[in-house]
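Peer 1: Okay, handing you the structure first.
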Amino acid sequence: MKKSKNTLGKVLLVLMIIFFYLPILYMIIFSFNEGKSLTNFSGFSLRWYEHMLESRDMMEALYTTFSIALIATFVSTVVGTITAIGLSKSKKIVRDTMAQVNNLPMMNPEIVTAIGFMLLFITFKVEKGYMTMLLAHIAFCIPYVILSVMPKVRSLDPNLADAALDLGATPMQTLIKVIVPQITPGIVSGALIAFTMSIDDFIISYFVTGSGVKNLSIIVYTMSKRINPSINAVSTLVVVIITVALVIINVVPMFMAKREKKEEIGKKKMVVPAIAGVCVLAVVCLVFGMKKEASQAPYAGQTLYVYMPGEYIGENVVPDFEELTGAKVVMENFDSNEQMYIKVANGESYDLLIPSDYMIQRLMEEKYLQKIDTSKLFNYEDLDDAVKGAAFDPNDEYSVSYFWGTVGIVYDKTVVDIKDLEEQGYGIFLNEKYKGNIYLYDSERDSFMMALKNLGYSMNTESEDELQDAYEWLVQCVETMEPEIVTDEIIDNMAQGRKALGLCYSGDATYIMYENENMGFYMPEEGTNLWFDSMVIPANAENPELAYEFIDFVSSYDYAYDNSSYVGYTSPNAEVAMELAGEGGDYEGINAYVPRIDFENDEVFVYNEDTRKIIANLWSKVKIAASNAN
Amino acid sequence: MKRFSQLAIPYIVWAVMMLVLPMALIAMYSFTEQGNSIISFAFTLDHYVKFFTDPDFLLILWRSLLIAVKTTVICLLLGYPLAYFIANSSEKMQNLLVLCITIPTWINALVRTYAWIGLLSEGGLLQQILSFFGLGGKELLYTEGAVLLGMVYNFLPFMILQINTSLCKMDHSLLQASADLGAKPAQTFLRVTFPLSLPGVINGITLVFLPAVSSFFIPKLLGGGQYFLVGNLIENQFITVGEWNFGSAISMIMAIIMMLMMMAVRKIENHNRGGKEE
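Note that the protein sequences, when read in sequence, are chains X and E. Position one of the first sequence corresponds to residue 1 (our numbering), numbered consecutively onward. Position one of the second sequence corresponds to residue 1001 (our numbering), numbered consecutively onward.
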């Protein structure tokens, strides 16, 4: 009887270990994969580690994660311990009230706590960044420390402290020599909880960060949409650091205990995590300590803050720009124009933004931008006429084109009948023949564009009835077609031919077709969204000169080429676009690379606050409908 | 002795600033018409009305609670026996196993969740294993199952550790006594072990349920954009839609629901304990 129970237990425990470690092991293995795939191991290589070491974003994130965790743990342990001692001697009412207050971050959903911090920092105009992240971490760690120290303090014999005081010890001495040693286990476990909480945190950091400060979770969250095995590499590094630290914590005490079995094990216990902490910090500093020396370049020591979509820049642009100018580029990425707007409107300062057409119009109207003197731009003449004088900025006073293109349907030529596309246009997304085989793009504007165009309306309609029709169209689609609503995941997934149809930006379609020749790109006759992503300089930019340098730099032939060939979007530099699409170019024969111009049904988005709100709300509701249809 | 009480004063000031004030701000935003307006505060209940009169929003709330309940139940069913077996193994083994469970929680939650994408995606290891057993062809990633799996994976360690702690704290002579008095092992478990481990169970439930109900990155990473829970709704209001007042109202609703639930759980716990002591 007993025996069978034991075996059952062992089997369960082994299964548990497998469950916990399989994903981690899988991740470690695939960090050494030569290819980009997360499912096929094609050979051993260290390229993702090289990639990681070269990516300053990742190295800084690693540093931010660990330095914040260590500082927050230290501060919250000290403050929490002192407070717990203080509270234990306070009146009951104070103690009970504080217990309730401390419960707030522990008993609230994390996202609520996060939003509270965000609103606090914004209300008091504290610039969001490293400090705000650190403050928030300290704030949510202290209650855990208090919670774990408090019981130990309360079980102390009060006579001990009194005795110490009577014998002539100062309060300080009493605290350090009498009270603290007795509550050490509580302090240690409090510190461990604080560290775990801080290093594991994503939600709170995500809402309170700013100025390009990212921790590891934020990096993973923003990068996870496209397959990026560097994430595996950086994660593996974390696993190694953490395991080493834990082993030190757990093994060293054993040795120590063996060596001197006698006294003061309690004291040693506190020393060990401290040693481990220092070791971790040392490793991190070592990894991070590859900072380049400041050069004599014209902008040495200055920083350019850029806020742009993710995975939207050539690999050599930033390093070469930094080398040329001596400046440092801090890149922050956004998922959508709306996300960018909210940050800019809340006063965060950047030197350069790359939003889309309608958003540029909005930023212009709301006076968030400064004029750009294009005569100061050496390479401005090389830009295509098609990207100049667009309706949102007719005199090109505020924006310089970065990429441009259309939206269309990417389809698997081996599955989709081209006749269906020609006959139905966007209506193919309601054709049940392709049920469960489609991707929608998680962008409210483009999804409504598709619905409105299919219904024969203008995508800039202000009619609520027409918007309501489009909403119903989309609800029908999500309720009957089982679509997956994705963002950039569509790129890798379509390139691997996982679904038959997807609504897609032309530049992403270019990349997909380049990777998989079975894929085609179709621009429906009903018309599409002709869009422009352009560089603009915010009114509150701190370093507009450097922004000018950057604009000029990426407009030049070499770097426009690097950008366009790496990302797949159409270059505004006419010569580059011709080169890439022409004979022998990377994108020869790929129709998605060449935007359709002067087609009467195509439109450019116009900004209208009322419609934007309606569409934003309706799109949330479409997603809710999709979720509820599951 | 009393003078030590002054040590708490700095923290009380800090706590008011960093813990109470943020909640007050959320509450204020949720009752304000538009924008971030301490100055132009205009009381309204519109945001709450909007939420409670729309069946879609209520359904999302319901679904979020449901998946959190599922996660908690699964974690409890898996976690209790595991914690029990750990508590019953030798001390050395116990330390080792607890360490094994702790390590994954020290590796970032996002990283842990991301790790599942490769395993679950098409042609990935799990699908291959399933198709080996003739269960292939089913999509794994971007399903409710994937979200549930992600949540259980992320939160199970908390459940195990909590229950384990309370099982280990238990006075083992009580078990002996129960057996000596003629109770069968099952009886001992039901009448002695389980009630004594209840505080751990309750803590575990709290630590699993709370993050599960408001999680937004697990559904986003493993459920895809069409998998939308309350956490996603709140994130969406703040990050993309920009209706902070409505977002604050949803946050308040969440916070209040959680508070009520936690109070109910504590009540049950206290009641149980009270009953035992009498």
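Note that CB positions come from ideal geometry on N, CA and C, so glycine has one too.
(1) Excluding the 5 residues preceding and the 5 following residue 433 of chain X in the sequence, name in chain order all residues of the same chain whose CB lies nearer than 8 Å to its CB.
(2) Would you say residue 1189 of chain E faces chain X, with C-beta separation under 8 Å as the test?
(3) Would residue 503 of chain X pass as a contact of residue 440 of chain X if the rule is Cβ separation under 8 Å?
(4) Smallest Cα separation from residue 350 of chain X: which of X:534, X:544, X:316?
(5) Which two residues bound the contiguous beta strand (DSSP E) that contains residue 400 of chain X?
(6) Using DSSP with H/G/I as helix, E/B as strand and the rest coil, what is residue 227 of chain X?
(7) Relative to the alpha-carbon of residue 121 of chain X, which residue among X:521, X:314, X:343, X:476 has its alpha-carbon at the smallest distance?
(8) Buried or exposed for residue 623 of chain X, please, with buried defined as at least 16 other CB atoms from any protein chain shown within 10 angstroms of its CB.
(9) Where does the unbroken alpha helix (DSSP H) through residue 636 of chain X begin, and where does it stop?
(10) The beta strand (DSSP E) that contains residue 484 of chain X, what's its start and end?
(11) Does residue 1268 of chain E have its Cβ less than 8 Å from a Cβ in chain X?
(12) If we cut at 8 Å on Cβ distances, does residue 265 of chain X have a partner in chain E?
(13) When the Cα atoms are used, what is the spatial distance from residue 1159 of chain E to residue 1064 of chain E?
(14) DSSP three-state call for residue 1011 of chain E: helix, strand or coil?
(15) At 9 Å on the CB atoms, spell out the chain X contacts of residue 1080 of chain E, in chain order.
(16) Is it buried or exposed, residue 1210 of chain E, if we count other Cβ atoms within 10 angstroms and call 16 or more buried?
(17) Can you name the start and end residues of the alpha helix (DSSP H) that residue 1084 of chain E belongs to?
(18) Below 8 Å, how does it come out for the stretch 589-600 of chain X and the stretch 509-528 of chain X: are there three or more Cβ pairs, yes or no?
(19) Tell me which residues of the stretch 501-524 of chain X have at least one Cβ-Cβ distance to chain E shorter than 9 Å, keeping chain order.
(20) According to DSSP, is residue 496 of chain X part of a helix, a strand, or is it coil?
(21) Give the straight-line distance between the Cα atoms of residue 20 of chain X and residue 599 of chain X, rounded to the nearest whole angstrom.
(22) At a cut-off of 7 Å, is residue 1050 of chain E close to the ligand COA when judged by its beta-carbon and the heavy atoms of the ligand?
(23) Give the DSSP-derived three-state secondary structure of residue 1005 of chain E in the structure shown.
(24) By the 7 Å beta-carbon criterion, what residues does the stretch 488-499 of chain X contribute toward chain E?
(25) I'd like to know if residue 72 of chain X contacts chain E, where contact means its C-beta is closer than 8 Å to some C-beta of that chain.
(26) Once you ignore the five residues that flank residue 309 of chain X on each side, which residues in its own chain have a CB closer than 8 Å to its CB?
(27) Measuring straight from C-alpha to C-alpha, what distance separates residue 1074 of chain E and residue 98 of chain X?
(28) Excluding the 5 residues flanking residue 114 of chain X on each side, which residues of the same chain have their C-beta closer than 6 Å to its C-beta?
(29) Per DSSP, residue 33 of chain X is paired with what?
(30) So with Cβ pairs under 8 Å, would you call residue 1182 of chain E a contact of chain X?
(31) For my contact list, residue 1254 of chain E and residue 112 of chain X are in at a C-beta cut-off of 8 Å; report their separation, rounded to the angstrom.
(32) Under the assumption that residue 233 of chain X contacts residue 72 of chain X (Cβ atoms under 8 Å), give the Cβ distance between them as a whole number of angstroms.
(33) May I have the straight-line CA-CA distance separating residue 586 of chain X from residue 578 of chain X, to the nearest angstrom?
(34) Can you tell me which of the three DSSP states residue 476 of chain X falls into?
(35) If we count the other Cβ atoms within 10 Å of its Cβ and call it buried at 16 or more, is residue 1096 of chain E buried or exposed?
(36) At a Cβ threshold of 8 Å, is residue 1051 of chain E touching chain X?
Peer 2: Looking at the coordinates:
(1) 420
(2) no
(3) yes
(4) X:544
(5) 399-405
(6) coil
(7) X:343
(8) buried
(9) Only positions 1 to 630 of chain X appear in the structure, and residue 636 of chain X is not among them; the question remains open.
(10) 484-486
(11) no
(12) Below a pLDDT of 50, predicted positions are generally treated as unreliable, and residue 265 of chain X, at 46, falls in that range; the measurement from the model is reported next regardless. So, not an interface residue.
(13) 20 Å
(14) helix
(15) Those within 9 Å of residue 1080 of chain E in chain X number zero; the least Cβ separation is about 11 Å.
(16) buried
(17) 1055-1087
(18) yes
(19) none
(20) coil
(21) 55 Å
(22) With respect to the ligand COA, the structure shown offers nothing to examine, as it has no ligands at all.
(23) helix
(24) 498
(25) no
(26) 333, 334, 335, 354, 533
(27) 34 Å
(28) 203, 204, 207
(29) X:44
(30) no
(31) 6 Å
(32) Not confirmed; about 26 Å, so no contact.
(33) 11 Å
(34) helix
(35) exposed
(36) no
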